[in-house]
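J.: Top line first, the protein sequences correspond to chains A and B. To convert, note that position 222 of the first sequence is 222 in this note's numbering; the numbers rise steadily by one, no gaps. To convert, note that position 64 of the second sequence is 64 in this note's numbering; the numbers rise steadily by one, no gaps.
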Amino acid sequence: MLPKQRHVLAVFPHPDDETFGKAGTVAMYTKAGTPVTLICGTLGQMGRNMGKPFFATREKLPMIRKKELEDACEILGIKDLRLLGLRDKTVEFEDPEVLADRIGEVIAEVRPSMILTYYPKHGVHPDHDALSAATVRAVARLPEDERPEIWGSAVTKNARAVLGEPDIVIDVREVMDIKLAAMRAHRSQSEAMMKNMEAEAASSEAAKKAIEERLGTEVYWIYRG
Amino acid sequence: MEPIRREAVDEAISRFVNQDVYLHLETTNGAYAALRSEASMAVCAYIRNGRVKFHRGSIAGDGPYRVGLKMDTGWIYAEGLTDYEVDEEGRLLLAGHDGDGRIAVALQLSLTPFPM
Chain A
1 MLPKQRHVLA VFPHPDDETF GKAGTVAMYT KAGTPVTLIC GTLGQMGRNM
51 GKPFFATREK LPMIRKKELE DACEILGIKD LRLLGLRDKT VEFEDPEVLA
101 DRIGEVIAEV RPSMILTYYP KHGVHPDHDA LSAATVRAVA RLPEDERPEI
151 WGSAVTKNAR AVLGEPDIVI DVREVMDIKL AAMRAHRSQS EAMMKNMEAE
201 AASSEAAKKA IEERLGTEVY WIYRG
Chain B
1 MEPIRREAVD EAISRFVNQD VYLHLETTNG AYAALRSEAS MAVCAYIRNG
51 RVKFHRGSIA GDGPYRVGLK MDTGWIYAEG LTDYEVDEEG RLLLAGHDGD
101 GRIAVALQLS LTPFPM
């Protein structure tokens with residue numbers, strides 16, 4: 001079951017963070033008529049993936065990824081996209097209070113009932129952890145009864161050992177086509193991965209089932225401070 | 001970009017000799033290298049818009065290639081370069097890609113700052 005929300009705010013540093021592992025959740029909400037606002041911190045300027053075969057250069061990558069993000073938003077039904085204009089890999093070196101201010105402004109404007117972000121300290125990428133920490137900081141400034149719920153995506157290897165079983169488990173199979181389309185929209189970042197996944201799926205019925213199961217479920221831990 | 005041709009890259013490098021140039025230099029194995037067990041740790045370093053002047057520079061190797069730029073007070077060096085492009089703005093972009101098309105190293109020169 002998808003917990004009802006009034007407005008969802010997603011806060012992520014890179015184009016594709018909103019899609020990989022989370023596109024199904026976003027699509028389920030927009031399909032249910034829940035507005036989703038996305039704050040994207042950077043343009044993923046320093047991404048390592050360039051397409052397979054590669055078609056991007058270091059200098060063209062930001063504009064390519066911006067377009068990919070806009071396309072993914074269209075596919076996912078995200079009608080409100082805010083870019084913070086930060087630079088890839090540098091988010092943790094920005095003033096955390098200023099980052100919290102910027103996220104806080106959007107929170108005050110759209111008044112989300114739930115915020116989707118990485119689980120603090122479990123984002124693996126330093127930009128993930130910096131922006132989730134800033135999100136927590138922005139939420140902590142609100143009076144307790146006005147704080148939206150924070151759903152954290154934890155991608156560390158030891159997430160379950162440290163955090164326990166996820167609080168939220170969403171079956172996203174009914175929006176699988178949308179999820180896959182959003183993943184493909186991030187072509188520069190997903191092409192190699194999708195090709196490997198398709199090859200793996202073609203290798204055996206068991207492998208195909210495992211992939212479908214992996215893609216069909218999205219999980220989050222509610223952040224409790 | 002296209003596979004490196006040494007003569008073309010040497011010619012491109014020569015156009016930046018003895019001038020104030022903006023340097024983008026990076027190497028990375030990706031932020032998820034350790035998570036995916038590709039390596040024991042994620043490693044990345046980059047400098048964007050370092051302002052440098054070199055009086056000698058060339059490309060070496062049989063591919064992947066190396067580039068060394070000699071400054072009065074030091075060196076700029078990159079290894080693992082596979083592809084190059086002189087773009088519409090006259091900037092020299094050199095990059096090293098792995099079998100999955102992922103960038104592992106880049107060295108770029110420009111007479112104007114690279115966008116932030």
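Yeah, the Cβ is synthetic: ideal placement off N, Cα and C, and Gly gets one too. Computed from a prediction, not measured in an experiment: that's the story for all the values here.
#1: Quick one: what's got a C-beta closer than 7 Å to residue 96(A)'s C-beta in the same chain, skipping five residues either side?
#2: So, helix, strand or coil for residue 44(A), using DSSP?
#3: Do residue 11(A) and residue 36(A) have their beta-carbon atoms positioned less than 7 Å apart in this structure?
#4: Is the beta carbon of residue 64(A) closer than 7 Å to that of residue 56(A)?
#5: For residue 88(A) and residue 49(B), I'd like the C-alpha separation in whole angstroms.
#6: Tell me which same chain residues have a C-beta within less than 7 Å of the C-beta of residue 28(A), skipping the five on either side of it?
#7: Would you mind telling me which residues of chain A sit closer than 8 Å to residue 46(B), beta carbon to beta carbon, in chain order?
#8: Return the chain-ordered list of same chain residues with a C-beta closer than 8 Å to the C-beta of residue 77(B), the five sequence neighbours on each side being excluded.
#9: For residue 187(A) and residue 103(B), what's the separation of their Cα atoms in angstroms?
#10: Looking at C-alpha atoms only, which residue of 146(A), 115(A), 147(A) is the closest neighbour of residue 22(A)?
#11: Kindly say whether residue 54(A), judged by its beta-carbon, lies nearer than 7 Å to any beta-carbon of chain B.
#12: Within the 7 Å Cβ cut-off, does residue 28(B) reach chain A?
#13: What number of angstroms, rounded off, separates the C-alpha of residue 190(A) from the C-alpha of residue 37(B)?
#14: Would you check if the segment 211-218 of chain A and the segment 80-99 of chain B touch, i.e. whether three or more CB-CB distances between them fall below 8 Å?
#15: Taking buried to mean at least 16 other C-beta atoms within 10 Å of its own C-beta, is residue 204(A) buried or exposed?
#16: Rounded to whole angstroms, what's the CA-CA distance from residue 161(A) to residue 154(A)? Just pull it up for me.
#17: Rounded to a whole number of angstroms, what is the C-alpha to C-alpha distance between residue 158(A) and residue 5(B)?
#18: Nearest-angstrom Cα distance between residue 195(A) and residue 206(A)?
#19: Start and end of the beta strand (DSSP E) containing residue 84(B)?
#20: Please confirm if residue 57(A) has its CB atom under 7 Å from at least one CB of chain B.
#21: Since residue 125(A) and residue 31(B) should fall inside the 8 Å C-beta cutoff, what is the C-beta to C-beta distance between them, to a whole number of angstroms?
#22: By the criterion of Cβ-Cβ separation under 7 Å, what are the contact partners of residue 51(A) in chain B?
#23: Just to confirm before moving on: does the CB-CB distance between residue 43(A) and residue 79(A) stay below 7 Å?
#24: If we ignore side chains and look at the alpha-carbon of each, how far apart do residue 72(B) and residue 18(B) end up?
#25: Would you call residue 111(B) buried or exposed, if buried means 16 or more other Cβ atoms sit within 10 Å of its Cβ?
#26: Counting along the chain, where does the alpha helix (DSSP H) carrying residue 188(A) start and finish?
#27: May I ask you to report which of helix, strand or coil DSSP gives residue 102(B)?
#28: Which residue from 89(B), 62(B), 14(B) puts its Cα closest to that of residue 55(B)?
#29: Should residue 92(B) be flagged as near chain A, meaning a C-beta pair shorter than 7 Å?
#30: So what's residue 223(A) in DSSP terms, helix, strand or just coil?
#31: Rounded to a whole number of angstroms, what is the C-alpha to C-alpha distance between residue 7(B) and residue 103(A)?
#32: Just the C-alpha distance for residue 117(A) and residue 29(B), rounded to the nearest angstrom, thanks.
#33: By Cβ distance, which residues of its chain are closer than 6 Å to residue 95(B), with the 5 residues on each side in sequence left out?
#34: I'd like the span of the alpha helix (DSSP H) that includes residue 128(A), first residue to last.
#35: How about residue 25(B): is its C-beta nearer than 7 Å to some C-beta of chain A?
#36: Residues of chain B with a CB under 9 Å from the CB of residue 124(A): which are they?
T.: According to the structure data:
#1: 133, 134, 137
#2: coil
#3: no
#4: yes
#5: 15 Å
#6: 2, 170, 172, 175
#7: 46, 89
#8: 66, 67, 68, 69
#9: 15 Å
#10: 115(A)
#11: yes
#12: yes
#13: 19 Å
#14: no
#15: exposed
#16: 11 Å
#17: 46 Å
#18: 18 Å
#19: 83-86
#20: yes
#21: 4 Å
#22: 101
#23: no
#24: 10 Å
#25: exposed
#26: 187-203
#27: coil
#28: 14(B)
#29: no
#30: coil
#31: 50 Å
#32: 25 Å
#33: 83, 103, 106
#34: 126-140
#35: no
#36: 31, 32, 34, 35, 42
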